[in-house]
Amino acid sequence: MSCSGEYIHAPTDSSPWSECVTSLVTDLKYRFPARYLACWGALVLLAVIVAIVVPVTFNPNGIKVVTSLAGVLALASMGQMLIVMLGAIDLSVPAIIMASAGIVVHFGTPGASLPPIVLLALAVAVVISLGNWVFITRLGLNSIITTLATLGIVTGAMAWWTGVSFSLTGRAPEALQTLANRSVLNLSASFLVALVVAGLLALVLSRTRGGRQLAAIGTNRRAARFQGVRVVRIEFTAFAAAGLLYGIAGVLVAGIVGSPDTSIGAPYQLATITAVAIAGTAFSGGPASVASVVGACVFLQLLDQALTIHGLAAGPRVVAQGVALVVAISAITLGQYALSGLRWSTRSFRQVAGSDQLEGLESSTQPAKMKETR
17 MSCSGEYIHA PTDSSPWSEC VTSLVTDLKY RFPARYLACW GALVLLAVIV
67 AIVVPVTFNP NGIKVVTSLA GVLALASMGQ MLIVMLGAID LSVPAIIMAS
117 AGIVVHFGTP GASLPPIVLL ALAVAVVISL GNWVFITRLG LNSIITTLAT
167 LGIVTGAMAW WTGVSFSLTG RAPEALQTLA NRSVLNLSAS FLVALVVAGL
217 LALVLSRTRG GRQLAAIGTN RRAARFQGVR VVRIEFTAFA AAGLLYGIAG
267 VLVAGIVGSP DTSIGAPYQL ATITAVAIAG TAFSGGPASV ASVVGACVFL
317 QLLDQALTIH GLAAGPRVVA QGVALVVAIS AITLGQYALS GLRWSTRSFR
367 QVAGSDQLEG LESSTQPAKM KETR
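Under our numbering, the residue at position 161 of the sequence shown is numbered 177, and the numbers go up by one with no gaps.
Here it is, written out as structure tokens:
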């Protein structure tokens, strides 16, 4: 401030147009962080490579296979995403998928009504996931240990109760197989279901108070509680929704495979974690992108299908998933470190610049003050 009481402003060359563009870019960066967009760039690059090296992957049958498995993986990964948003991790996904698939096969005898069986399978999946909620959030146990124990208990119990093939015939109901293997424009029914669920989940997370509170709990649980967030209710809902998504995935995969066994859920343990990581979700908790999770699932299934057609066995395909997981987590971690360093440097620069500006203002006002005193 000058001796006349007027504020001194630094000269700027910004125009209204440049300010508008800057505001738009800032808004887009806030709404679509770079970590959420990385999986889409990887998907486009992979699609181009596969189209050149293994073009048969994109024939009608290949697209149907990729989308059918990507749909199941997307449903399970969205459930995993909800748990990761809370700062936990769920290793019981294979068991819950297997349990829901096993119940459908076990009770789906010829002549049995399909809707009650599906509802029973979904209810069991939700109950198992809520069991994890009790031990993790209410009793404070480690999520990895708890869900790993759930994995062993549920898998052993299902094998003991129903056997390896779940029933004498070992086949899912014909009606379920027909529904699960349908397609529209070469897009499988499971993928279409996943898209609908993803749209609804994205709306809930971005447009509702509960969705925003879920991200707040994952960011800082204690601060969210102090701000009046009903932490217990939100966590209960998140675990229940995750179990429901696992159950839907299990029912659909039973219909797609036709003859599932107790190993039907095994591939989804690493795959769901990898998809969530590729989608840019921080495993420390906080916000996540549903669309990026779906894109990451398509990426993983397209990669797996291309490697399968290329003649690679299951081992190298799992190695590829592991490499993708390591790369994704490393990129997220390095990005967080870089962002923290950039923020620290910017803050330090502003502090230095602010002190220099104050010194300049003080030196410029000293002669005026001396004149007044004279």
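Ideal placement from N, C-alpha and C gives every residue a C-beta, glycine not left out.
Asked: Segment contact, 8 Å Cβ cut-off, at least three pairs: the segment 152-165 with the segment 96-110; Found: yes
Asked: Same chain only: Cβ atoms within 8 Å of residue 232, ignoring 5 sequence neighbours per side; Found: 239, 240, 243 and 245
Asked: Given residue 131 as reference, the closest of 120, 141 and 140 once Cα atoms are compared; Found: 120
Asked: Helix, strand or coil at residue 200 [DSSP, three-state]; Found: strand
Asked: Where residue 297 falls: helix, strand or coil (DSSP); Found: coil
Asked: Complete beta strand (DSSP E) runs within the segment 111-138 (minimum length 3 residues, chain order); Found: none
Asked: Rounded straight-line distance, which links the Cα of residue 168 to that of residue 393; Found: Any property of residue 393 remains undetermined from this structure, which presents the chain solely from 17 to 390.
Asked: Neighbourhood of residue 6 by C-beta, 7 Å cutoff - its chain only, sequence neighbours within 5 removed; Found: The structure shown does not extend to residue 6, since the chain spans only 17 to 390, so no value can be given for it.
Asked: Validate contact between the segment 134-152 and the segment 290-303 using beta carbons, cut 8 Å, 3 pairs; Found: no
Asked: Burial state of residue 153, where buried means 16 or more other Cβ atoms lie within 10 Å; Found: buried
Asked: C-beta contact flag for residue 265 and residue 88 at 8 Å; Found: yes
Asked: Sub-8 Å separation of residue 180 and residue 278 beta-carbons; Found: yes
Asked: Distance, residue 116 Cα to residue 267 Cα; Found: 6 Å
Asked: Environment of residue 224 [buried if 16+ CB atoms lie within 10 Å]; Found: exposed
Asked: Three CB pairs or more closer than 8 Å across the segment 252-265 and the segment 83-101; Found: yes
Asked: Assigned secondary structure, residue 281 (DSSP; H/G/I helix, E/B strand, else coil); Found: coil
Asked: The segment 141-155 contacting the segment 203-218, beta-carbon criterion three pairs below 8 Å; Found: no
Asked: Beta-carbon proximity list for residue 275, same chain, < 7 Å, skipping 5 on both sides; Found: 186 and 187
Asked: Host alpha helix (DSSP H) of residue 77 (start-end); Found: 76-101
Asked: Spatial neighbours of residue 288 in its chain, beta-carbon cut-off 6 Å, leaving aside the 5 residues before and after; Found: 92, 93, 96 and 109
Asked: Closest by C-alpha distance to residue 338, when choosing among 314, 261 and 283; Found: 283
Asked: Classification of residue 149 by the beta-carbon crowding that lies within 10 angstroms, buried from 16 upward; Found: buried
Asked: Neighbourhood of residue 151 by C-beta distance below 6 Å, restricted to the same chain and skipping five residues each side; Found: 157 and 162
Asked: Straight-line Cα distance separating residue 300 from residue 5; Found: Nothing can be reported for residue 5: it is not among the residues displayed for the chain, which extend from 17 to 390.
Asked: Residue 246 - DSSP class collapsed to helix/strand/coil; Found: coil
Asked: Length of the line joining the Cα atoms of residue 173 and residue 216; Found: 33 Å
Asked: Nearest-angstrom beta carbon gap, residue 195 and residue 205 [assumed within contact, 8 Å]; Found: 6 Å
Asked: Residue burial classification, residue 251 (beta-carbon count within 10 angstroms, cutoff 16); Found: buried
Asked: Whole-Å CB distance - residue 59 paired with residue 315, under 8 Å assumed; Found: 5 Å
Asked: Under the three-state DSSP convention, the category residue 163 falls into; Found: helix
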